[in-house]
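First the structure, in the form of structure tokens, and then the observations on it.
In the UniProt record's numbering, the protein residues as written are 1 to 271.
Below, the structure written as structure tokens:
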């Protein structure tokens, strides 16, 4: 479970509900069936119109991505893995890594290492893997765009709902007390539209974009690692090259662990 998503939703709903109570607004006001129909079903309708069914059928999976923790190996562990592979390849040859492909769960990494073992040149491997990353990024962008568009449409539909409510409220102005209640109810649609747009849909889109960005970064790091192993670079050189993808704190941690590994003879550096 992605805790940041859950915590954010709790804070978002809590802030609005508590704020309404402090302002003296009855929470029952939110349960306006007409407003809910206009915002929820109206937003759904705009999304169905805007996107092909082949993309809409992925919405349940997108919610899974939003609410589930991203399962990626840490970048530091990926760097150590390539450092170990480089050491093995320099001592026993690139073909010796073929036995490790069976243990690789990531299809992207398994394919890339397989291409290197099969003797493909660096340019070909980079082109194939880069195209795969671009295709993945395109799929991710299409999914995030669904929620971005929902966040764009929902507030506008809130205005539409308010207008509909005002039309209903102003058709009979004889009862001033009832008129005030009707006008207040009319703006519930605006509240729901703005809330769902800027507390749900746009943040959901951003979560998808960030998770995609993190995965793309790691995939590109894998590409550089595979090519470095293919070219026979020293483990220490590969480690320094791939460390550019890490944060300052992660680099410090990796550097702090390096002396121990060197003593254990895991890096296979040239002397």
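Glycine included, C-beta positions come from ideal geometry on N, C-alpha and C. All values reported here derive from a predicted model rather than from experimental measurement.
Query raised in the report: Cα separation between residue 150 and residue 140?
Result: 16 angstroms
Query raised in the report: Since residue 221 contacts residue 191 with CB under 8 angstroms, what's their CB separation in whole angstroms?
Result: The pair is not a contact, with the Cβ atoms about 44 angstroms apart (cut-off 8 angstroms).
Query raised in the report: Which whole-angstrom value describes the C-beta separation of residue 186 and residue 162, a residue pair presumed to lie in contact below a C-beta threshold of 8 angstroms?
Result: Correct: roughly 5 angstroms between the Cβ atoms.
Query raised in the report: Do you know how far the Cα of residue 199 is from the Cα of residue 12?
Result: For residue 12 and residue 199, the distance between alpha carbons rounds to 7 angstroms.
Requested in this report: Would you mind reading off the limits of the alpha helix (DSSP H) that contains residue 208?
Outcome: 202 to 230
Query raised in the report: Looking at the structure shown, is residue 107 part of a helix, part of a strand, or coil, going by DSSP?
Result: helix
Report task. Can you tell me which of the three DSSP states residue 61 falls into? Result -> Note: residue 61 maps to helix in three-state DSSP.
Query - Range of the contiguous alpha helix (DSSP H) that encloses residue 99 - result: That residue, residue 99, is in no alpha helix (DSSP H); it is neither H nor E in DSSP.
Query raised in the report: Taking all protein chains shown into account, do 16 or more other C-beta atoms lie within 10 angstroms of the C-beta of residue 124, making it buried, or fewer, making it exposed?
Result: exposed
**Report entry** the stretch 229 to 245 in contact with the stretch 36 to 44 per 3-pair CB rule at 8 angstroms
**Finding:** By the criterion of at least three beta-carbon pairs nearer than 8 angstroms, the stretch 229 to 245 is not in contact with the stretch 36 to 44.
**Report entry** Residue span of the alpha helix (DSSP H) that contains residue 7, given as start and end
**Finding:** 3 to 22
Query raised in the report: Going by the beta-carbon positions, is the gap between residue 5 and residue 66 smaller than 8 angstroms?
Result: Yes, they are a contact pair.
Query raised in the report: What did DSSP end up calling residue 240 once you bin it into helix, strand or coil?
Result: helix
Query - As assigned by DSSP and simplified to three states, the class of residue 253 - result: Of the three classes helix, strand and coil, the one that applies to residue 253 here is helix, per DSSP.
Query raised in the report: Below 8 angstroms between beta carbons: does that hold for residue 223 and residue 32?
Result: no
**Report entry** Own chain partners of residue 253 with C-beta closer than 6 angstroms, once the 5 adjacent residues on each side are dropped
**Finding:** none
Requested in this report: Identify, in the order they occur along the chain, each residue of the same chain with its Cβ nearer than 7 angstroms to the Cβ of residue 9, setting aside the five sequence neighbours on each side.
Outcome: none
Requested in this report: Below 8 angstroms CB to CB, which residues in the same chain sit around residue 114 once its five sequence neighbours on both sides are set aside?
Outcome: 101
Report task. Please list, in chain order, all residues of the same chain as residue 251 whose beta carbon is under 8 angstroms from its beta carbon, the five residues on each side excluded. Result -> For residue 251, where only same-chain residues beyond five positions count, the Cβ hits under 8 angstroms are 243.
**Report entry** From 24, 225, 157, 249, residue whose alpha carbon lies closest to that of residue 78
**Finding:** 225
Query raised in the report: Cα-Cα, which of 207, 156, 239, 182 is closest to residue 40?
Result: 156
Requested in this report: Label residue 171 either buried or exposed according to how many other C-beta atoms from any shown protein chain fall within 10 Å of its C-beta, with 16 as the threshold for buried.
Outcome: exposed
Query raised in the report: Straight-line CA distance for residue 208 to residue 143?
Result: Approximately 8 angstroms, taken between the alpha carbons.
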